[in-house]
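Trainee:
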Amino acid sequence: MTQHHKTQVCIIGSGPSGLLLAQFLGQAGIETIILDRRDRTYIEGRIRAGVLEQGTVEALEEAGVADRLYAEGLRHDGFDLAFDGTRHRIDLKALTGTSVVVYGQTEVTKDLFVARENQGQRFFFDVSDVIPSDLKADKPTVAFRQNGEDHIVSCDYIAGCDGFRGVSRAAIPADVLKTFERVYPFGWLGLLVDQPPVSDELIYANHTRGFALASMRSPTRSRYYIQCDLSDDVSDWSDDRFWEEFATRLGPDTAANLKTAPSLEKSIAPLRSFVSEPMRYGNLFLAGDAAHIVPPTGAKGLNLAIADIRVLSQALLAHYKDGSDHHLDTYSETVLKRVWKVERFSWQLSTLMHQFPENTPFEKRMQRAEFDYIASSEAASRTIAENYVGLPLE
Ligand code: APR
Ligand code: PHB
77 MTQHHKTQVC IIGSGPSGLL LAQFLGQAGI ETIILDRRDR TYIEGRIRAG VLEQGTVEAL
137 EEAGVADRLY AEGLRHDGFD LAFDGTRHRI DLKALTGTSV VVYGQTEVTK DLFVARENQG
197 QRFFFDVSDV IPSDLKADKP TVAFRQNGED HIVSCDYIAG CDGFRGVSRA AIPADVLKTF
257 ERVYPFGWLG LLVDQPPVSD ELIYANHTRG FALASMRSPT RSRYYIQCDL SDDVSDWSDD
317 RFWEEFATRL GPDTAANLKT APSLEKSIAP LRSFVSEPMR YGNLFLAGDA AHIVPPTGAK
377 GLNLAIADIR VLSQALLAHY KDGSDHHLDT YSETVLKRVW KVERFSWQLS TLMHQFPENT
437 PFEKRMQRAE FDYIASSEAA SRTIAENYVG LPLE
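For what it's worth, our numbering labels the leading residue of the sequence shown as 77, then goes sequentially.
#1: Can you name the residues that DSSP bridges to residue 445?
#2: Taking residue 279 as the reference, which of 83, 359, 149, 164 has the closest Cα?
#3: Measuring CA to CA, which of 395, 238, 139, 428 is closest to residue 207?
#4: Please classify residue 344: does DSSP put it in a helix, a strand, or coil?
#5: Check whether the Cβ atoms of residue 342 and residue 319 lie closer than 8 Å to each other.
#6: Taking the C-alpha atoms as reference points, what is the distance between residue 193 and residue 86?
#7: What residue range does the alpha helix (DSSP H) around residue 283 cover?
#8: Confirm the yes/no value for this check: CB of residue 84, any heavy atom of the ligand APR, distance under 7 Å.
#9: Leaving aside the five residues before and after residue 298 along the sequence, list all residues of the same chain whose C-beta is less than 6 Å from its C-beta, in chain order.
#10: Reducing DSSP to helix, strand and coil, say where residue 206 ends up.
#11: The ligand APR and residue 231: does the residue's C-beta get closer than 7 Å to at least one heavy atom of that ligand?
#12: Along the chain, where does the beta strand (DSSP E) that runs through residue 218 open and close?
#13: Taking 7 Å as the line, does the beta carbon of residue 304 fall inside it for any heavy atom of the ligand APR?
#14: Following a CB-centred definition, is residue 278 positioned closer than 7 Å to any heavy atom of the ligand PHB?
#15: So for residue 431, helix, strand or coil by DSSP?
#16: So what does residue 158 bridge to, in DSSP terms?
#17: Report whether the distance from the Cβ of residue 127 to the nearest heavy atom of the ligand PHB is below 7 Å.
#18: The ligand APR heavy atoms versus the CB of residue 91: any closer than 7 Å?
#19: Only counting the same chain, and skipping five residues up and downstream in sequence, which positions put a Cβ closer than 7 Å to that of residue 123?
#20: For residue 315, which three-state DSSP category applies?
#21: So residue 87 is in the beta strand (DSSP E); what residue range does that whole segment cover?
#22: Report yes if the C-beta of residue 299 is less than 7 Å from at least one heavy atom of the ligand PHB; otherwise report no.
#23: Where residue 247 and residue 209 are concerned, what is the direct C-alpha to C-alpha distance, given to the nearest angstrom?
#24: Residues in its own chain within less than 7 Å of residue 391 by CB, not counting five upstream and five downstream?
#25: Quick one, are the C-beta atoms of residue 99 and residue 466 less than 8 Å apart?
#26: If you check the beta carbons only, do residue 461 and residue 168 fall under 8 Å apart?
#27: Which same chain residues end up closer than 6 Å to residue 369 when comparing Cβ atoms and leaving out the 5 residues on each side of it in sequence?
#28: Leaving out five residues before and five after residue 264 in sequence, what residues of the same chain have Cβ atoms less than 6 Å from its Cβ?
#29: How far does the beta strand (DSSP E) with residue 460 in it extend, from its first residue to its last?
#30: For residue 353, which three-state DSSP category applies?
#31: Any heavy atom of the ligand APR closer than 7 Å to the Cβ of residue 124?
#32: Can you give the beta carbon distance from residue 447 to residue 157, rounded, assuming they're within the 8 Å contact cut?
#33: So does residue 288 have its beta carbon nearer than 7 Å to some heavy atom of the ligand PHB?
#34: Would you say residue 166 and residue 149 are within 8 Å of each other, going by their C-beta atoms?
#35: Verify whether the separation of the beta carbon atoms of residue 375 and residue 325 is less than 8 Å.
#36: Look up residue 469 in the DSSP assignment and say whether it is helix, strand or coil.
Encoded structure:
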């Protein structure tokens with residue numbers, strides 16, 4: 077027998093986008109149901125980037141989930157770009173007046189789950205066969221299965237927060253949806269280790285052998301990455317091989333401070349730029365990775381998702397509280413403008429900092445010239461800095 081449910085907003089996907097939207101709506105007394113095809117332990121275990129823009133921090137504070145972030149997050153006033161051993165500091169604070177906070181996305185997700193529990197609203201985990209329908213009707217529906225039972229949710233709006241491989245984007249008719257994509261010819265091999273970071277701030281390095289990034293999760297836990305081949309498998313990379321390659325790419329001066337230990341986690345992620353337009357179809361609204369992907373250089377994925385949710389939650393609030401649909405009507409156009417600017421930055425930083433197999437000696441010289449220009453020009457450094465700390469919402 078099919079179980080019927082009614083709610084105001086049905087949120088597909090319980091990543092940071094879906095959880096934050098639920099939290100904002102819950103604060104305003106708007107009812108939501110969240111569905112996810114995974115369970116909470118799996119979702120909380122996913123390791124992703126960890127740099128929060130000031131706007132993201134403010135959004136999490138407004139959502140009432142910033143206490144642990146303020147206690148445990150590390151405020152960073154700058155970071156380094158390095159090119160064949162030459163380091164240039166981007167002084168975020170001096171160039172923009174603001175800074176970023178290093179706090180893992182895993183932790184953001186955990187904080188949001190606790191808040192959701194406190195609100196006591198409905199969750200369905202481990203669901204399958206999720207089908208959003210009747211998107212242009214007054215009451216769209218979302219069908220799904222859980223533990224062998226069929227469910228159907230009738231709602232006012234569907235929020236498609238189900239990530240890159242979700243079903244929401246695919247529910248938009250093919251003749252309406254436009255997609256734009258670039259797949260990069262390499263991946264990132266990431267390693268997590270319980271050792272103090274090699275440097276107090278992040279270092280993004282372009283070395284002739286490939287990109288490397290030194291990041292962190294806390295004063296005693298580091299997150300390091302190196303560019304690897306798409307054909308590589310994690311099993312090709314013993315810890316020893318990783319450490320040797322990472323140290324080489326950082327250069328001897330920086331590597332002198334590197335402390336190694338057995339890895340806690342090691343994984344390979346591909347790099348992709350992707351945007352789909354529009355981000356609204358009828359009463360379905362897409363947000364976060366469901367609509368766009370950025371390569372991780374610059375750590376914009378989570379921040380971009382949160383920016384979507386800030387705009388979408390305000391638009392839904394205007395509908396329910398003031399009866400105004402203007403912000404829902406302009407949602408897609410408004411957020412896509414910013415999405416494309418952030419796509420541009422992530423693509424540009426990725427292009428500058430990696431070794432591309434197809435690059436000719438001319439393009440390699442162009443990379444070097446761009447780095448030298450950034451290192452010698454306050455205007456160029458500020459351009460990087462203002463993007464890194466986060467562009468304004470509109
Ligand atoms: N039905 C229900 N849930 C689904 C489905 C589906 N068919 N497909 C995917 N999901 C769930 C996933 O299990 C996941 O928990 O949707 C959620 C999507 O979460 P994320 O992928 O984290 O996407 P988002 O919340 O937009 O977060 C954006 O997280 O993915 C990173 O790099 C990204 O940092 C960015 C941020
Ligand atoms: C991370 O800490 O995982 C991280 C930091 C910065 C990035 C990407 C990833 O640009």
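Here a beta-carbon is modelled for each residue, glycine too, at the ideal position from N, C-alpha and C. All figures in this text were calculated on a predicted structure; none of them were measured in a lab.
Mentor: Concretely, from the data shown:
#1: BP columns for residue 445 are empty, so no partner.
#2: 164
#3: The residue from 395, 238, 139, 428 with its alpha-carbon nearest to that of residue 207 is 238.
#4: strand
#5: no
#6: 17 Å
#7: Taken as a continuous stretch (DSSP letters only), residue 283 belongs to no alpha helix (DSSP H), being part of the beta strand (DSSP E) at 279 to 283.
#8: no
#9: 269, 271, 273, 292
#10: strand
#11: no
#12: 217 to 222
#13: Incorrect: residue 304 has no Cβ contact closer than 7 Å to the ligand APR.
#14: yes
#15: coil
#16: 163, 281
#17: yes
#18: yes
#19: 182, 268, 341
#20: helix
#21: Per DSSP, the unbroken beta strand (DSSP E) holding residue 87 starts and ends at 85 to 88.
#22: For residue 299, the distance from the CB to the nearest heavy atom of the ligand PHB is below 7 Å.
#23: 8 Å
#24: 403, 404, 407
#25: no
#26: yes
#27: 240, 348, 350
#28: 301, 345
#29: Not the beta strand (DSSP E): residue 460 falls in the alpha helix (DSSP H), residues 454 to 465.
#30: Three-state result, residue 353: strand.
#31: yes
#32: 7 Å
#33: no
#34: No.
#35: no
#36: coil
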